[in-house]
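Contents: one structure, followed by commentary.
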Amino acid sequence: MIEIRAAEITDLPSVAQLVALSFHPGSGWQALWRSFIQLGIEQDLRDRWQRERPHYHCWLAVLRTGGSALCVGSVEVQLRELRGQPSPYLSNLAVHPDYRRRGIGRRLLETVETHLCSTYSNLYLHVLAQNQAAQQLYARCGFEVVEEGFTFWGERKLLLRKSLASDRPYSPSPISSSV
Ligand SMILES: CC(C)(COP(=O)(O)OP(=O)(O)OC[C@H]1O[C@@H](n2cnc3c(N)ncnc32)[C@H](O)[C@@H]1OP(=O)(O)O)[C@@H](O)C(=O)NCCC(=O)NCCS
Numbered sequence: 001m002i003e004i005r006a007a008e009i010t011d012l013p014s015v016a017q018l019v020a021l022s023f024h025p026g027s028g029w030q031a032l033w034r035s036f037i038q039l040g041i042e043q044d045l046r047d048r049w050q051r052e053r054p055h056y057h058c059w060l061a062v063l064r065t066g067g068s069a070l071c072v073g074s075v076e077v078q079l080r081e082l083r084g085q086p087s088p089y090l091s092n093l094a095v096h097p098d099y100r101r102r103g104i105g106r107r108l109l110e111t112v113e114t115h116l117c118s119t120y121s122n123l124y125l126h127v128l129a130q131n132q133a134a135q136q137l138y139a140r141c142g143f144e145v146v147e148e149g150f151t152f153w154g155e156r157k158l159l160l161r162k163s164l165a166s167d168r169p170y171s172p173s174p175i176s177s178s179v
């Protein structure tokens with residue numbers, strides 16, 4: 001059974017491990033490199049946790065089997081100055097590679113939206129233009145492209161926004177990504 005719950009500070013090593021695996025998959029030297037990246041991610045998580053709460057939240061998807069619990073999904077939200085006003089900004093949505101296409105990413109997004117919709121009217125995030133899987137998910141969940149830009153490394157990135165007020169439902173039909 002998969003439970004969605006707010007993270008606690010003791011969860012941060014598991015979140016760092018999941019984020020590192022999700023964004024930097026691979027074996028051999030890539031796995032070695034990942035263990036270094038994971039340390040940096042954990043430090044960043046701790047910094048955000050300590051500096052930005054109460055305007056920072058992290059949610060987890062936890063798989064419970066028998067007596068054990070495995071973190072299989074996570075997402076973070078913090079406040080950022082976006083398009084002229086402080087708005088919630090979603091980052092590091094990650095689902096363990098072995099547990100994808102089971103609706104966990106969508107459930108994490110829905111949890112974030114439920115938490116924010118009584119206080120904020122928009123939710124923002126960035127996605128790389130080449131990340132088709134994430135773009136499909138966000139399009140089906142009602143996000144729209146509002147800006148295009150480039151990362152520090154020159155990759156094309158898209159700023160997406162979802163209006164939390166409009167209550168646009170999850171779309172069951174596939175939306176082709178034209179961006
Ligand atoms: C993107 C990611 C979070 C999706 O998580 P997930 O739990 O597999 O997503 P869901 O099962 O909730 O998918 C919901 C819908 O999104 C779309 N979708 C998700 N993954 C997809 C893929 N690989 N290809 C095409 N569509 C996809 C589908 O429409 C899917 O519905 P369906 O399974 O009924 O067709 C996951 O692939 C991941 O962690 N990727 C690596 C990290 C990353 O890129 N994060 C986003 C950064 S912006």
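Counting from 1, one number per residue, gives the positions in the sequence shown under full-length UniProt numbering.
Even glycine gets a Cβ: it sits at the ideal position worked out from N, Cα and C.
Note that the structure is a prediction, hence the values are computed from the model and not measured.
- If you draw a straight line from the Cα of residue 62 to the Cα of residue 121, it is about 28 Å long.
- In chain order, 123, 142, 143 place their CB closer than 6 Å to the CB of residue 162, counting only its own chain and leaving out the 5 sequence neighbours on each side.
- Inter-residue distance for residue 159 and residue 28 is about 34 Å (C-alpha atoms, whole angstroms).
- With a cutoff of 8 Å on beta-carbon distance, residue 2 and residue 72 are scored as near each other.
- With respect to the C-alpha of residue 106, the residue from 165, 69, 48, 74 having the closest C-alpha is 74.
- Look at the segment 122 to 169 and you find these whole runs of beta strand (DSSP E), each 3 residues long or longer: 122 to 128, 144 to 150, 156 to 163.
- When secondary structure is reduced to three states using DSSP, residue 14 falls in the helix class.
- Per DSSP, residue 8 is not a residue of any alpha helix (DSSP H), being assigned neither H nor E.
- DSSP places residue 115 in no beta strand (DSSP E) but in the uninterrupted alpha helix (DSSP H) bounded by 104 to 116.
- In the structure shown, residue 25 falls within a coil segment according to DSSP collapsed to helix, strand and coil.
- Scanning 102, 152, 11 for the CA closest to the CA of residue 45 turns up 11.
- In this structure, residue 88 places its C-beta atom within 8 Å of the C-beta atom of residue 77.
- The three-state secondary structure of residue 66, taken from DSSP, is coil.
- Assignment of residue 54 by DSSP, reduced to helix, strand and coil, places it in the coil class.
- The Cβ atoms of residue 115 and residue 57 lie closer than 8 Å to each other.
- At a cut-off of 7 Å, the beta-carbon of residue 74 does not count as near ligand 1: no heavy atom of the ligand is closer than that.
- For residue 152 and residue 67, the gap between their C-alpha atoms comes out near 44 Å.
- Within the chosen limit of 7 Å, ligand 1 reaches the beta carbon of residue 23 through at least one heavy atom.
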